[in-house]
Every structure is written in C-alpha cells, then in structure tokens.
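Protein chains in written order, with our numbering: chain Z, 895 to 1157; chain W, 10 to 139. Ideal placement from N, C-alpha and C gives every residue a C-beta, glycine not left out.
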C-alpha cells in the first residue's frame, strides 16, 4: 500500500514535470541572435549553356590541336594499326569515301573526350552528391559521383565511370571503365579500355569555360598528354541534336555518296 | 559529266572563313572549297532535319537540261541560331544560292557550315547568313 503510494507520487511528479521539460526543449533562440548553418564547402558555379568559342580543336594533342599531322601522335603499335584503318571525316586525313567514323556511320555515342570537339553545346546540373553533364550532340548525358572513389571493377561502358571533386574553382573529373568503341578524337585516334581520362573545368570568367583533358592510356599511347579547349557562354538554348540512323542514312545516300562517285 | 550551270558565277572569294572549321557532323573532304558557284533555279524540297538541312533545287544547265542539286546546310539547331526556320524556304520558291560544289562535279554543294551560311536569295530576299 505504501509502495503504491510512492509510485503514484513519483508518477504524479513526473507528469507535473513534463510541461517544464517540453518547454525547455522548445525554448526559442534568444531574440536577435540567428543561428548559422555550418559553412558549406566552396562550389564553383558552372551554370549556363556552354558553346564553341570559334577555335577549331580536332584532337587533344597539345602540339597539333587542329590535327594537321595526326600521324605524329605518340601511338603504340596497337594504336597505330587502328589509326591507319580509320577513315575520318575531319582533319588532314578527312575523306567522304568509305567513312568508318562510328558516329557518322552508326550514330554511336561520340564518347567523353570526343564530344567536346563538336560545335555543339553542353550544360551542367550541379547537385551535392552528383554532377550531371548534358550534351546537346546526340542528346547524351553522364553523371559524375562527387567525392567518391572509383569502384574496384567498373563495367566497360560508352561513357565510363566518373568521380569528381572540386579543387578551388576547378571541377576535376576522373573517369575509367571505358569500352574501346569510341574514337578519342575527330581524327580516328583510338583508345583502349585502359583509358584513364581526367577533365578539369575552370570558369575563367563569367563567359569563358576552360577545359583541360588529360589522356592516360598506356596501351594506346607511349605517354600521357593534355589538351585544352575553351568554350563560351551561350545565349542559345540547347536544341535537339539527336543522331537518327534513318536520317543519317538518307543524308549519306543523297549528299555524301554522290560526291564519292567518279564523274 | 561535269555540271555546267547557266548562268554560273565562279568566285574565288566568299569562302567559308573557317574553311578548316568543323562541321557539326563531317568535314569538307568532298567539296572544292576554293570555288564558289551560284545555283539558280526552283526549290523542289527543303529538308529541315538532322544531321544537316538540305535544299533541293532544280536548276537549268547550259544545255537546257534540268540539273537536280542538293545543297547542304548546318543542322536545324545551327540553322535556327543563324536565324532560319523550317519555313525559310518552301517548294516552288525561286532561289539563287552560293555553294562550294562537289570536287567530282556532282550536283552537290555545301552552302552552310554550322551557323555560317553563304549567300542565299529566296524570291528576291537574302536570307540571314550570320
């Protein structure tokens, strides 16, 4: 009986204290003092649509950006064999005959390094954990996992596996896990599945974006190399750059093929 | 047989200033970029589609024969940026279009590269060349 009384008294005491406890947990911040959120890491702004700046870049070899001497690239025998078989649409070896450019012939994705060489636009969607890059040409997009490590055994894909981080004002994107079905550039230089690509994006000023592409592919090239291309902020919204096989074949038949037959 | 247009004006100027620039899809290998001629005739079709817009023109040859020309331009996205629309040219329009002709003499030419266009006059009005 006495124990029950003690329990009842304790229960009564706790119940009476609840409003006070609740009140203490909901005390508003002292007037005039705004609580600040933890400072966020600096995220450079790459917003906008980026388009060609006018200077032709057909490959990433720094000594020959227009590709006037594509045979002088530091190729391994493996790469040289494939390069010699290429019949590219651009550069010193450009041709309309027997084209085997996978983009022009099959509407294959251009690939991460080559897509920037076309005179089309692209844009970024920057989220905290992922950055998306949307490319106008062929309407391709890719995702870049931010502040993550590569997986141990990535698949071999058209666009590879990309991880990224910000270094000051620069977005650094590291990509591996490529298949070898794309050309490295417009000139028919190949790359292997061992390609390791690093892109560095830096907004030089409000209207200018600089991209440095470092190619490291020991199966294809005897040394790594870095090329640069500059893009301008565009006022033109991205259009429909879809590559359709039916349209491509019609154009080939009506325009390209007649230029290759002897008259 | 090489095409002979009547009248045809051969100019050594009015070349694409970015002759080594990149098409949206392919290069200039099949064309004589050192030459510009003017194709005059009637539009039979205006194809506003990827990978390149194409103007199809029936022009009168020197011998009075009808020549069927195909003049390529940039992709629709690039032509839009040049100020064109799908309705800029219609079948039946009278046209005089400058073009770099095919090197092998085929009645094919390139009249536009990306958003840069050689002179094209439709029904007496010069279209945007950007």
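So for residue i, helix, strand or coil by DSSP?
i, result
"residue 996(Z)", "helix"
"residue 125(W)", "strand"
"residue 1020(Z)", "strand"
"residue 1146(Z)", "helix"
"residue 1140(Z)", "helix"
"residue 978(Z)", "helix"
"residue 966(Z)", "helix"
"residue 1078(Z)", "coil"
"residue 1011(Z)", "helix"
"residue 950(Z)", "coil"
"residue 67(W)", "strand"
"residue 1153(Z)", "helix"
"residue 920(Z)", "With a pLDDT of 43 at residue 920(Z), under the threshold of 50, the modelled position of this residue cannot be trusted, and the question is left open."
"residue 972(Z)", "helix"
Alpha carbon to alpha carbon, what distance is there between residue j and residue i?
i, j, result
"residue 1122(Z)", "residue 1114(Z)", "20 Å"
"residue 103(W)", "residue 977(Z)", "46 Å"
"residue 109(W)", "residue 1081(Z)", "23 Å"
"residue 1053(Z)", "residue 1087(Z)", "11 Å"
"residue 69(W)", "residue 46(W)", "14 Å"
"residue 129(W)", "residue 1141(Z)", "24 Å"
"residue 115(W)", "residue 1147(Z)", "13 Å"
"residue 1137(Z)", "residue 956(Z)", "29 Å"
"residue 1015(Z)", "residue 1009(Z)", "10 Å"
"residue 132(W)", "residue 86(W)", "24 Å"
"residue 120(W)", "residue 1033(Z)", "26 Å"
"residue 1111(Z)", "residue 1048(Z)", "16 Å"
"residue 1018(Z)", "residue 1004(Z)", "18 Å"
From what residue to what residue does the alpha helix (DSSP H) around residue i run?
i, result
"residue 103(W)", "No alpha helix (DSSP H) holds residue 103(W); the beta strand (DSSP E) holding it covers 103-110."
"residue 37(W)", "Looking at the DSSP string, residue 37(W) is not in any alpha helix (DSSP H), and its letter there is neither H nor E."
"residue 88(W)", "85-90"
In or out: residue i buried (at least 16 other Cβ within 10 Å) or exposed?
i, result
"residue 1098(Z)", "exposed"
"residue 937(Z)", "exposed"
"residue 1000(Z)", "exposed"
"residue 998(Z)", "buried"
"residue 1084(Z)", "buried"
"residue 1045(Z)", "exposed"
"residue 1117(Z)", "exposed"
"residue 99(W)", "exposed"
"residue 1021(Z)", "exposed"
"residue 954(Z)", "buried"
Where do the ends of the beta strand (DSSP E) carrying residue i lie?
i, result
"residue 946(Z)", "943-946"
"residue 1106(Z)", "1102-1110"
"residue 45(W)", "First-last for residue 45(W): undefined, no H or E at that position."
"residue 1132(Z)", "That residue, residue 1132(Z), is in no beta strand (DSSP E); it is neither H nor E in DSSP."
Check your understanding: Does the segment 80-94 of chain W come close enough to the segment 52-65 of chain W that 3 or more CB-CB pairs lie under 8 Å?
Key -> yes
Exercise for review: Would you check if there are 3 or more beta carbon pairs closer than 8 Å linking the segment 1054-1074 of chain Z to the segment 1020-1037 of chain Z?
Suggested key: yes
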